[in-house]
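> Here's a structure for you.
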Amino acid sequence: MNDDLDGVTSLALDARAGDRGALARFVRATQHDVWWFAALLADVGVAGKLAVETFERAMAVLPRYSGRLSARTWLLAIARRVVLEHLRWGGTRSQAAPATPRPGGAGEQPPAGADDLVEANLLLGTLDHDCREAVVLTQTLALPYGEAAVVVGCSVATIRSRVARARAQLVRAAGHHAAAGAGSQLTPDWSSTTRISAPPAR
């Protein structure tokens, strides 16, 4: 394994070279991010299916993976295409989700932190798709702004603008919610709501 590369990227390169153990570890190291991305951008009910499709596509093109992008960024870019195709072909995004999503088959089980999905969906459901995507990548998955820009295919300035716009939308939504006397379930501070629990120790 190349110590000059991050661990996930090194696993991807080792998997590309035919190391089946590295491939299994790569999937375990990244399935948490892919499942959450699909659940928050599409729907928890199809998150497992979209995650499986993402990995199937990634395995098909893995022989061409060069390592110029981090493997996490490369994989999330594939996940984004899968989610967009799902939405384009009539898939919907839920505004709320069950507190404990039912585990599916192999490769589809919700990761640690899935119980936070209802609160995250209530918050993210107030945002337009572009802003929601920027928040999920930079706040929920803690991707650097530069890598989020690569995943989306836009400039870093655009990502920053979308995150700022998201914050403004959340402030307005929180104000409207309070004015309606509905309490304060929405908050302009997403730091504790949209950040997910760490995956189980591997």
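Numbering follows the UniProt record's numbering, with no gaps: position 97 of the sequence shown is 97. Don't be surprised by glycine CBs; every beta carbon is placed ideally from N, CA and C.
(1) Does the beta-carbon distance from Asp6 to Ser70 come in below 8 angstroms?
(2) Return the residue from the list Ala77, Ser161, Leu62, Leu40 that minimises the CA-CA distance to Phe26.
(3) Give the single residue among Arg68, Thr126, Asp14 whose Cα lies nearest to the Cα of Glu147.
(4) For Ala51, which three-state DSSP category applies?
(5) What first and last residue would you give for the alpha helix (DSSP H) that runs through Gln31?
(6) Among Ala58, Met59, Ala149, which has the Cα closest to the Cα of Arg162?
(7) Between which residues of its own chain and Thr126 is the CB-CB distance below 7 angstroms, once the five residues before and five after are set aside?
(8) With a 10 Å radius around its C-beta and 16 neighbouring C-beta atoms as the bar for buried, classify Ala106 as buried or exposed.
(9) Please name the residue in Arg167, Asp43, Gly48, Cys154 whose C-alpha comes closest to that of Val135.
(10) Taking the straight line between their C-alpha atoms, what separation do you get for Glu85 and Gly21?
Per the coordinate set shown:
(1) yes
(2) Leu62
(3) Arg68
(4) helix
(5) 20-41
(6) Ala149
(7) Gln169, Leu170, Ala173, Leu186
(8) For Ala106, the pLDDT reaches just 35, beneath the cut-off of 50, and the residue's location in the model is therefore unreliable, although a value from the coordinates is still provided. It counts as exposed.
(9) Arg167
(10) 31 angstroms
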